[in-house]
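Presented below is the structure to which this report refers.
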């Protein structure tokens, strides 16, 4: 494969420059997490991780080894302190190798350190050994930072949020859109962490104690919900849409999420990433009700083999299921659950970002470094080929990212381009990007596949991605990809201009796309004339509109080109433009379908059997 060109040639070296590097140590209840992240302005929104590691040292277990009650704890043993200091000394060597400035190394400690009888001595021992201060987050701040971690995980968040730690659970609500964040004044902290609840259930002497624990959970959560004072706008949306979105963060919830993913109706599930995985309430509840006091050997093997979940984390899943069964009885109506990778580490980094960076879309940011020449103009031309009925996600997210990646796989041998695009968001370069949902990953992959013709040797993976997004959105992915393929044929090297849009998010002065009405008017809803693609580049322009034919909505795509221009009159270019119609052919659609009619400014041969395709 030819090396893809970076839109910012200096990014590769600049992103690892010391001034952009930040090292975080998250000293949690269940383990110690280490990471080094670059906050280079071009990609800071997606928190690119250069290094990550974890030490399986549980401060919770260390303090409760000799007590069955969560209310009684021992000081952190010296052996545990020594083990932690050893891992920190190793991490210091890693930071030195990456040249992370000392001032950019942060140690963050949460509940297990905060409530330890020898917390002061523990933190002083670290300072004496390394010279590093440990920042101890107060309970309220821990909830706030954890919430920011969830906000970092998606372009927008609107719903209830829960962060499950080892010793406690944080409950709040959140509305996060375009860099603006509103949440409960104070997250409610409840003493039902994964490790704490596991210990409580394992030491219960009879069923009555287990039932009493369930009653306590329900009573505490009912009080917590009353304290939250959910935002009226959020409550109204939940009322209209049949319930809240529930965003879940923390290792305990993620372990349960992996098990849910392993039992998804689409198998093998095509996206091996927990962040952005969502499930309907009924599937979530059904699994929680099926899990007993311990996992089956098959379930443990699946978690360990497929998702690298440790035995210790797997042992907590039954307690998490117990928590879920009880909390859903007292939470407001939940419609869907969404799993998040973002926690305290991500939240701390996200809090450092200015609003201008927070508000940008992660999907677009993740593709910016591969931006095509004239990507903004390419996006405009592709968007002009989409009718009003096109789903919003295409206009707002997919097309801008697609325009950035329009030529990324051009150096791949022809027969492998569609497959390379199909895998790009899961095991390709975007596989590690933070901030994407599974539907965004699947949708961009399907569009990239279609952009290169859609022919893959093994279609099972594509079919599973199509099931993730649903047959209607999957059809739109094929249509958008076909339009993009035609645009790519007309402009095989991008749109070269006198200026450069490399470091400008809107260099051509193109206003945000407005909807055109379905009658085919070129005016947006405001009545103002939209800027036409023909004013951007006169080689080709599209105008798409919805039409109703025999009670069915179809698409008419009108194409305008410069006559006798070889860039648009060459045989392969015209074939790609005319080929957009194939997306709407009956033989190419197993479910949802829109018939597509392409009106070209050149005479066309009537395809055999075309009249029977109505």
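Residue numbers (full-length UniProt numbering): 1 to 614. Think of the CB as a built atom: it goes at the ideal place given N, C-alpha and C, for glycine as much as any other residue.
For residue 337, the three-state DSSP class (helix, strand or coil): strand
Per-residue burial, residue 199 [other beta carbons within 10 Å of its own, 16 or more giving buried]: buried
Residue 495, buried or exposed, once every other Cβ within 10 Å from all chains shown has been counted against 16: buried
Unbroken beta strand (DSSP E) run spanning residue 22, endpoints: 21 to 27
Through-space distance from residue 91 to residue 368, alpha-carbon basis: 31 angstroms
Start and end residues, alpha helix (DSSP H) containing residue 384: 375 to 384
Proximal residues to residue 330 (C-beta, below 6 angstroms), its chain only, five neighbours per side dropped: Around residue 330: 218, 221, 222.
Collapsed DSSP secondary structure at residue 206 in the structure displayed: DSSP, read as helix, strand or coil, puts residue 206 in coil.
Alpha-carbon to alpha-carbon, residue 167 and residue 79: Cα to Cα, residue 79 sits roughly 21 angstroms from residue 167.
Alpha-carbon spacing of residue 544 relative to residue 394, whole angstroms: 15 angstroms
Segment limits, beta strand (DSSP E) that includes residue 100: Run containing residue 100: none; DSSP gives neither H nor E here.
Pairwise C-alpha distance: residue 152 and residue 619: Residue 619 lies beyond the range of the chain shown here (1 to 614); nothing can be said about it.
Residue burial classification, residue 36 (beta-carbon count within 10 angstroms, cutoff 16): buried
For residue 150, the three-state DSSP class (helix, strand or coil): helix
Coarse secondary structure for residue 42, derived from DSSP in three states: coil
Buried or exposed by the 16-neighbour rule on C-beta atoms within 10 Å, applied to residue 505: Unreliable positioning characterises residue 505 in this predicted model, as indicated by a pLDDT of 43, which lies under 50. A coordinate reading is not provided.
Cβ shell of residue 375 (< 6 angstroms), same chain only, five flanking positions each side left out: 403, 404
Residue 412 in three-state terms, based on DSSP: Note: residue 412 maps to coil in three-state DSSP.
Residue 338 beta carbon less than 9 angstroms from that of residue 252: no
Rounded straight-line distance, which links the Cα of residue 104 to that of residue 144: 21 angstroms
Close beta carbons around residue 478, own chain, < 6 angstroms, minus the five adjacent residues each side: Result list for residue 478: 450, 583, in chain order.
Unbroken alpha helix (DSSP H) run spanning residue 290, endpoints: In the DSSP assignment, residue 290 falls within the unbroken alpha helix (DSSP H) covering 281 to 290.
Bridge partners - residue 303, DSSP secondary structure assignment: According to DSSP, residue 303 bridges with nothing at all.
Beta-carbon gap between residue 50 and residue 160 smaller than 9 angstroms: no
C-alpha gap between residue 142 and residue 52, whole angstroms: 21 angstroms
Distance between residue 201 and residue 666 (C-alpha atoms, nearest Å): Any question about residue 666 goes unanswered here, given that the chain covers just 1 to 614.
Residue 521 (DSSP reduced to helix, strand or coil): Interpretation of residue 521 is limited by its pLDDT of 38, a score under 50 that renders its predicted location unreliable; no figure is taken from the coordinates.
Length of the line joining the Cα atoms of residue 137 and residue 430: Rounded to the nearest angstrom, the two C-alpha atoms are 32 angstroms apart.
Inter-residue spacing [alpha-carbon to alpha-carbon] between residue 112 and residue 139: 11 angstroms
Segment contact, 8 angstroms Cβ cut-off, at least three pairs: the stretch 283 to 299 with the stretch 118 to 132: no
Check whether residue 333 and residue 244 have beta carbons under 9 angstroms apart: yes
Validate contact between the stretch 264 to 271 and the stretch 461 to 477 using beta carbons, cut 8 angstroms, 3 pairs: yes
Contact check, residue 304 vs residue 256, beta carbons under 9 angstroms: no
Residues of its chain near residue 42, where Cβ-Cβ distance is below 7 angstroms and the 5 sequence neighbours each way are ignored: Here the set comprises 8, 11, 368, 369.
Reference residue 162; option with closest CA among 114, 323, 236: Ranking 114, 323, 236 by Cα distance to residue 162 puts 323 first.
Closer than 9 angstroms to chain D by CB, residue 455: No chain D appears in this structure, which consists of one protein chain only.
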